[in-house]
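Residues in the sequence shown are numbered from 3 upward in steps of one, following the working numbering. Note that the Cβ used here is the ideal one computed from N, Cα and C, for glycine as well.
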Amino acid sequence: MQSVLVIGAGGVSHVTVHKMASLSKIFTDIILASRTIDKCLKIKKSVKKKYNADITVLELDADNVNETVSIINKFKPFLVINLALPYQDLNIMDACLITKTHYLDTANYEPKDEAKFEYKWQWDYIKSFEEKGVMALLGSGFDPGVTNVFTAYTKKHYLDCIDCLDILDCNDGDHGHPFATNFNPEINIREVTSNSKYWEDKQWKIGPALKSKVSFNFPEIGHKNMYLMYHEELESLIKHFPEIKKARFWMTFGDKYLKYLEVLENIGMTSIIPINHNGAEIVPLEFLKTILPNPSSLGEKTKGKTCIGTIISGKKNNTEKTFYTYNICNHEECFDEVGSQAISYTTGVPAMIGAMLMLKKIWFKPGVWNMEQFNPDPFMELLNQHGLPTKTIQLKNSVNF
Ligand code: NDP
């Protein structure tokens with residue numbers, strides 16, 4: 003029997019735990035630990051009702067390495083699946099090193115007091131993980147995650163070299179709220195208000211947040227405005243495919259969302275600098291998170307689809323070619339299956355698949371790895387089997403935006 007310890011009991015965890023519980027022959031023993039036990043209990047109740055599966059739940063503050071170590075020592079899981087927040091990544095990796103336990107996450111480390119994310123902090127663990135003989139799989143969500151796999155898959159099957167990579171993330175879902183975020187509001191707002199950054203001519207080009215916009219005709223959705231942003235997978239993809247000349251990340255936003263965000267920014271509600279409020283120190287963005295709808299509560303109301311994918315141009319036998327690989331996910335179908343909206347679903351399913359490949363030792367090597375460093379084929383196959391079917395089409399021309 004190989005058990006897994008999931009840390010965090012939010013929107014993404016809800017999906018991963020449900021998917022794992024539905025595959026009880028592979029995930030024989032699931033332990034769910036998070037800061038608020040009530041959220042663990044809610045997931046436990048739901049998987050019992052849906053799949054008649056029993057999971058163990060307990061309270062854990064993963065900022066405390068010793069607490070995580072003692073839970074790992076008690077249950078001896080094969081793998082820790084970190085679905086808490088990026089702030090916990092290094093502490094959980096430390097606990098995994100101490101206990102020689104494998105590790106997986108969906109987002110790279112970010113210090114709480116600075117809105118900055120990069121892989122350096124986690125890549126610094128490569129040697130220690132190798133020496134201890136344990137594996138860490140970084141970014142096993144959709145973006146990062148599946149987008150990295152799409153890139154490796156395109157290169158493996160269609161191109162000799164990649165020249166230009168565009169990652170396109172469209173969410174056409176409508177949750178009926180005037181303003182809400184699809185995953186953790188604090189992490190989401192820190193990400194979208196950061197400077198845009200893309201790779202061209204062997205250097206990063208930095209610009210203001212959400213200023214560069216183009217319209218794109220998404221399959222099954224139609225024309226949407228998408229905005230140039232910075233996303234963490236660009237950093238690992240240009241490292242592992244050094245031939246890439248240009249790499250960009252685009253995300254769609256509705257006008258209403260952007261208007262609310264602008265107002266919130268202008269009045270200081272997205273700031274992470276602590277302020278004094280009636281004698282208590284509060285961080286405006288943390289307070290905003292408290293009053294915004296909880297992303298895991300959006301599932302019931304959200305209608306529409308997501309379309310996330312990669313458009314990759316390069317050469318095959320010296321001929322220019324362009325391929326678009328994408329997944330379409332329907333919010334309502336996700337809710338019917340596991341009780342979540344598509345953003346949690348598109349992240350939670352790849353986390354389950356990454357875990358499955360590690361458990362089956364198909365993706366298995368000591369060290370710290372990004373998704374594109376493994377054979378993409380088994381992951382692509384499992385996406386098709388577990389609710390995230392993908393499609394690759396050849397485009398007549400490379401993108402001109
Ligand atoms: P949520 O806020 O819904 O859930 C986070 C969970 O982690 C909560 O249950 C929270 O507990 C728990 N948690 C926070 N701090 C601690 C701690 N110190 N110890 C133990 N548990 C803790 O977030 P999401 O589910 O939306 O996102 C989860 C992760 O997935 C994030 O890292 C996010 O960045 C990532 N993500 C990745 C995507 C991808 O495609 N790669 C896309 C979307 C998200 P509490 O309930 O007490 O707050």
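- In the three-state reduction of the DSSP assignment, V285 falls in the coil class.
- The beta carbon of I293 sits no closer than 8 angstroms to any heavy atom of the ligand NDP.
- Remark: the C-beta of K41 is in contact range of the ligand NDP, defined as less than 8 angstroms to any heavy atom.
- Classified as buried, I83 has 16 or more neighbouring CB atoms from the shown chains inside 10 Å of its CB.
- For K51, the enclosing alpha helix (DSSP H) begins and ends at 39 to 53.
- For W123, there is no enclosing beta strand (DSSP E); the residue is found in the alpha helix (DSSP H) stretching over 122 to 125.
- Nearest to D115 by C-alpha distance, out of L106, P88, E222, is P88.
- In terms of CA proximity to L85, C42 leads the group C42, W371, F381, K50.
- In this structure, A64 sits near G10, with a CB-CB distance shorter than 9 angstroms.
- Straight across, the Cα-Cα distance linking E112 with L287 is about 15 angstroms.
- Within a 10 Å sphere around the beta-carbon of L239 sit 16 or more other beta-carbons, which makes this residue buried.
- Ranking A344, L290, F325 by CA distance to the CA of G306 puts A344 first.
- Counting only unbroken stretches of 3 or more residues, the beta strand (DSSP E) elements lying wholly within the stretch 304 to 381 are 307 to 318, 321 to 332, 369 to 372, in sequence order.
- Excluding its 5 nearest sequence neighbours in each direction, T149 has C-beta neighbours in its own chain below 6 angstroms: I169, E235, T312, listed in chain order.
- Looking from the CA of F185, the closest CA among W252, F144, I73 belongs to F144.
- Every beta strand (DSSP E) of 3 residues or more that sits fully in the stretch 153 to 211 is shown, in chain order, as 163 to 173, 198 to 202, 205 to 209.
- A distance criterion of 8 angstroms places the beta-carbon of T327 beyond contact range of the ligand NDP, judged by its closest non-hydrogen atom.
- Proximity of the beta carbon of S72 to the ligand NDP is not indicated: no heavy atom of the ligand is located closer than 8 angstroms.
- Counting C-beta pairs closer than 8 angstroms gives three or more between the stretch 89 to 102 and the stretch 64 to 80, which meets the contact rule.
- In the assembly as shown, V19 is a buried residue. Its beta-carbon has 16 or more other beta-carbons within 10 Å.
- The bridge partners DSSP lists for S130 come to none.
- The residue among G224, K241, I208, A117 with its C-alpha nearest the C-alpha of I191 is A117.
- Less than 9 angstroms separates the beta-carbon of A353 from that of G147.
- Put simply, the stretch 152 to 167 touches the stretch 317 to 336. At least three CB pairs are less than 8 angstroms apart.
- Here H233 carries a coil assignment [DSSP, helix/strand/coil].
- In the structure shown, the three-state DSSP call for A35 is strand.
- Here N372 is buried: its Cβ has 16 or more other Cβ atoms, across all protein chains shown, within 10 Å.
- For F144, the CB falls within less than 8 angstroms of some heavy atom of the ligand NDP.
- If the five residues before and after V71 are omitted, its C-beta is found closer than 7 angstroms to the C-beta atoms of A97, I100, T101, all from its own chain and listed in chain order.
- Of the heavy atoms belonging to the ligand NDP, none sits nearer than 8 angstroms to the Cβ of T153.
- A357 sits close to L106, with the two beta carbons spaced by under 9 angstroms.
- Taking the Cα positions, H242 is about 8 angstroms away from E374.
- Classified as exposed, G224 has fewer than 16 neighbouring CB atoms from the shown chains inside 10 Å of its CB.
- The Cβ atoms of V401 and T324 sit closer than 9 angstroms to each other.
- Remark: C-beta atoms of C172 and M253 approach each other more closely than 9 angstroms.
- Residue burial is scored here from C-beta neighbours: I246 has at least 16 other C-beta atoms within 10 angstroms and is therefore classed as buried.
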